[in-house]
Amino acid sequence: MSTFMLKSKPLDFTPVSNIFIEKYIPKARGEFIKVYLLMLKYNFTGEIGVNASILATTLNLLESDIINALNYWNEEGIIKLIPIDRMGNFEIEFIDLSEDKCVGKNQFNLLEELSDETNNGMLKDIEKLLGRPLSPSEFATYIGWKKDFDFSSELILLLIEFCASKGKTNHRYIEKVALAWNEMNIKTIYDAQNYIRKTEDKWGTYREILKFLGIRNTEIMKPQEDMLEKWTTTYNFSLDIIKKACDICFQRLNRADFKYIDGILASWNKDNLRTLKQIEEKEASFKNSSSKKNFNNQKANSYEKPKLRFNNFKGRDYDYDDLEKKLLGWDNDD
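Spelled out as structure tokens, the structure:
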């Protein structure tokens, strides 16, 4: 059972940021919003902490739903989930959403910028790509990228089209992609297209592996994505070798298990096995050694036990009729 310690600020009401309402509520799952609001209420009413069981009971959810919700908001960057120990206990800090981190290096007058036909046209195109009207804070964010990141209107549209093609129209997600592109120094359409091509190739491989495992939903968890990245990039295994590891997992467990597959591939990487032939030779060697071991065990179990030492001599032969006569005194008949 997880316990979450709060940095409390006692109040008789729970203030909810308009930024949270505008940016995060439209795309977040209902149970995630319920968890955030309840945790926010505890944070502002002087509670020292609350455990996952109480939260789950109050909201009629599972404890796993509570953990998933808090991990979601942690990834969204509006709370900080800090482990306290190895027992699943955390400290939670709520982030001040009034600070716009994507806009601010270069201050500008939003009304003046909106009067610019280039900006106005870009924002209308963004609304078409996202299929919804933009909020004033989104106007400021996208225009701010032109000034802060030196992104062109065309690059911004390509970025948002890329996100929308993946079904990711959440404003926060799009911001994360923009920050990542800026950090990777993607500043031109050519740079962006090269990055998108590499990303699509990577996810094409991921989708192929997931399909082989019988997983149709590509919305996998971060630890699973990290394992896929390790198999394909760190270990640099081909798709055929990864599928071979998946086959072995199915044969032994009759189900898909990421950790088990990861263990197989880690062993192959450690032994520097890079081809299917090398792997098959190792598997054959393993089976032979296992068969020999089983044979030796059976041989040992079937070994004939030695006779007791009292049986190692020839027994005497007796005439029981003669003995009986002697005992009864019949052998002295006259």
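In the numbering used here, the protein residues as written are 111 to 444.
The C-beta atom is built at its ideal place from N, Cα and C for all residues, glycine as well.
V145, enclosing alpha helix (DSSP H) - first and last residue = Here the alpha helix (DSSP H) through V145 covers 140-154.
Quick one, are the C-beta atoms of E132 and S247 less than 8 Å apart?
-> S247 is positioned such that its CB atom lies closer than 8 Å to that of E132.
Determine, using beta carbons only, whether M232 comes closer than 8 Å to chain C.
-> Reference to chain C is not applicable here, since this structure consists of a single protein chain.
Three or more beta-carbon pairs under 8 Å between the stretch 302-316 and the stretch 196-210, yes or no?
-> Result no; under three Cβ-Cβ pairs closer than 8 Å.
Under a Cβ-count criterion, where at least 16 other Cβ atoms within 10 Å of its own Cβ denotes burial, should D175 be classed as buried or exposed?
-> A residue is called buried when at least 16 other Cβ atoms come within 10 angstroms of its Cβ; D175 meets this threshold and is buried.
Just grab the DSSP bridge partners of E450 for me.
-> The structure shown has nothing for residue 450, since the chain only spans 111 to 444.
Quick one: Cα of E285 to Cα of N181, how far?
-> The alpha-carbon atoms of E285 and N181 are separated by roughly 18 Å.
So, using beta-carbon positions, are L191 and N184 closer together than 8 Å?
-> Result yes, Cβ atoms of L191 and N184 sit closer than 8 Å.
The stretch 328-335 contacting the stretch 287-301, beta-carbon criterion three pairs below 8 Å = They do not touch, by the three-pair rule.
So, is E186 buried or exposed, given that buried needs 16 or more other C-beta atoms within 10 angstroms?
-> Under the 10 Å beta carbon count, E186 is surrounded by 16 or more other beta carbons and is classified as buried.
Per-residue DSSP class, three states only, for T113 = T113 falls in the strand class under three-state DSSP.
Pairwise C-alpha distance: E391 and I358 | Going from the Cα of I358 to the Cα of E391 covers about 14 Å.
Contiguous beta strand (DSSP E) assignments of at least 3 residues, all confined to the stretch 286-335 = Restricting attention to beta strand (DSSP E) runs no shorter than 3 residues, the stretch 286-335 encloses none.
Nonlocal neighbours in the same chain, by C-beta distance under 8 Å from L418, ignoring five residues either side = Caution is warranted here: a pLDDT of 49 is assigned to L418, below 50, making its placement in the model unreliable, and no coordinate value can be reported.
Length of the line joining the Cα atoms of K215 and S127 | Confidence at K215 is low in this model, with a pLDDT of 45, below 50, so the placement of that residue should be treated as unreliable; the coordinate-derived value is given next. So the two alpha carbons sit approximately 23 Å from each other.
What are the partner residues of F204, as DSSP defines its beta bridges?
-> Per the DSSP secondary-structure output, F204 pairs in a beta bridge with I189.
Specify the secondary structure class of G159 as computed by DSSP and reduced to three states.
-> DSSP places G159 within a strand segment (E or B) once states are collapsed to three.
What alpha helix (DSSP H) runs, 4 residues minimum, are completely inside the stretch 336-364?
-> Whole alpha helix (DSSP H) segments, 4+ residues: 349-363.
How long is the line joining the alpha carbons of P243 and A355, rounded to whole angstroms?
-> So the alpha carbons of these two residues sit roughly 47 Å apart.
Close beta carbons around N292, own chain, < 6 Å, minus the five adjacent residues each side | Cβ neighbours of N292 within its own chain (closer than 6 Å, five residues either side excluded): F259.
L375 beta carbon less than 8 Å from that of Y345 = Yes; because the gap between Cβ atoms is below 8 Å, this pair is in contact.
Determine the extent of the alpha helix (DSSP H) in which D367 is found, giving its start and end residues.
-> No alpha helix (DSSP H) holds D367; DSSP gives it neither H nor E.
Taking the C-alpha atoms as reference points, what is the distance between S262 and L239?
-> Computed Cα separation, rounded: 17 Å.
What does a CB cutoff of less than 7 Å around K144 pick up in its chain, not counting 5 residues either side in sequence?
-> Cβ-Cβ distances below 7 Å link K144 to L169 in the same chain, with the five nearest sequence neighbours on each side left out; the list follows chain order.
When we look at the beta-carbon of L447 and count the other beta-carbons within 10 Å, is it buried (16 or more) or exposed?
-> Only positions 111 to 444 of the chain appear in this structure, which leaves residue 447 out of reach.
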